[in-house]
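Working notes for the structure below.
Residue numbers (this note's numbering), protein chains in the order written: chain A, 1 to 248; chain B, 249 to 445.
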């Protein structure tokens, strides 16, 4: 599909987990700014939960033992709730950078929607939408968060906020130029070993964008952005517009 | 609309058992191993049932169930009771991981061959074969049966086989746009049926 197609039709496929990865990422971006879609996702998620609940199978007794054994040695992820006072200087500097980034971001869709979600979250959010929104908050407030920014040739700016501890990163851009009707922006993960893999699509309408990238950061050394034909590509077909290094 | 969203996944029956489970998951998020064991005991059967249904492979289903359970422990802090039940949160994650696995493991050619068989309405027969331990299972089954075949099959192929809508479209030789809208309308009809009883 192209980014210009009616995205509302995708609600069913989305709650069934039937969207290809790149389209799912793109739809979630749309979702962040579409309250009606979020309400419909919540409704239809109840139906898929019923489908999920219609199956049962007995796990082996060993499975229980193995799981309880594993969790005894598995550290839990903690979301930051109460900000500690008196952060170290580096942390404070980073927070300033993040604050600046948020102010910048507040004017555009993704983050504006994100703030709306925060305010509205007790009402009509699904677990997944909420997970997206809180994932962004988690990364932006992670203690080990790093922010790397690059100015593109056209004057727009792209940033990657990464948390190795959370194994995730967020891509934030301002003033991306509008592409041709048959083009989208595509994000890429550059592996330490040199390979590139798709990390999601952004609408060719450009402007401001904020997006949590889904896959693990494990072997990632940089995030790149290119312009690609609608629907995205498996490998870049044009020169990168920018590449942001993710600190190890 | 706004009402249904309020308690998200669990609005149909937020019984005291569900509320208890929600509270246990919250406790588990604070590092309580016993609370996590309760969550495991309450949800391991439906989690494995769902994963088994999607993967159709007992050994792999055990493995993925284990990964999902450990992931639930690790990320329990993300669970927000005000947005839905623990059951909904856990099963959504389990389905996601089952689908990830199926897409990762199975070569698409083999899957398309496989699903060509399934398109003969076998998916529904398999739903019919599952043991009805629960009144709810029966309801879901009869509501699925009440759908028109062209609406039921895309839902079953996507949800229970882990196919993308593009794969469903290829397998049914139906335009992708049609499949997308049938998925949506099929779910809406299913919802109406489930609510009507």
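The C-beta atom is built at its ideal place from N, Cα and C for all residues, glycine as well.
Small disclaimer: the values here were computed from a predicted structure and weren't measured.
Reference residue 384 of chain B; option with closest CA among A:231, A:52, A:226 and A:20: The shortest Cα separation from residue 384 of chain B among A:231, A:52, A:226 and A:20 belongs to A:52.
Selected residue, minimal CA-CA separation from residue 201 of chain A, among A:192, A:231 and A:220: A:231
Neighbouring residues, chain B, relative to residue 50 of chain A (Cβ below 9 Å): Under the 9 Å cutoff, chain B gives 260, 384, 387, 388, 391, 438, 439 and 442.
Supposed close pair residue 303 of chain B, residue 350 of chain B - CB separation, criterion 8 Å: 6 Å
With 16 other Cβ atoms within 10 Å as the buried cut-off, status of residue 155 of chain A: exposed
Cβ neighbours of residue 341 of chain B in the same chain (closer than 7 Å, five flanking residues each side left out): Contacts found: 316, 319 and 320.
First through last residue of the alpha helix (DSSP H) which encompasses residue 296 of chain B: 281–303
Length of the line joining the Cα atoms of residue 194 of chain A and residue 433 of chain B: 44 Å
Residue 407 of chain B in three-state terms, based on DSSP: Here residue 407 of chain B sits in helix by DSSP.
Beta carbon proximity, residue 164 of chain A to chain B, threshold 7 Å: no
Touching by the beta-carbon criterion (3+ pairs, under 8 Å), the region 65–79 of chain A and the region 34–50 of chain A: Fewer than three beta-carbon pairs drawn from the region 65–79 of chain A and the region 34–50 of chain A are found closer than 8 Å, and the two stretches are therefore not classed as touching.
Within chain B, the residues that residue 26 of chain A reaches when beta carbons sit closer than 7 Å: The premise fails here: residue 26 of chain A is roughly 14 Å from chain B at the closest Cβ pair, so nothing lies under 7 Å.
Delimiting residues of the beta strand (DSSP E) encompassing residue 352 of chain B: Unbroken run through residue 352 of chain B is the alpha helix (DSSP H), 334–353; no beta strand (DSSP E).
Residue 289 of chain B and residue 272 of chain B closer than 7 Å at C-beta: No, these two residues do not count as a Cβ contact at 7 Å.
Chain A within 7 Å of residue 347 of chain B, Cβ atoms only: Taking 7 Å as the threshold, the shortest C-beta distance from residue 347 of chain B to chain A falls below it.
Residue from A:168, A:187, A:174 and A:238 with nearest C-alpha to residue 217 of chain A: A:168
Beta carbon proximity, residue 431 of chain B to chain A, threshold 7 Å: So yes, residue 431 of chain B belongs to the interface.
Among B:429, B:396 and B:444, nearest to residue 387 of chain B - alpha-carbon criterion: B:444
Secondary structure of residue 169 of chain A, DSSP reduced to three states: strand
Whole-Å CB distance - residue 176 of chain A paired with residue 185 of chain A, under 8 Å assumed: 7 Å
CB contact flag (residue 77 of chain A, residue 322 of chain B, <7 Å): yes
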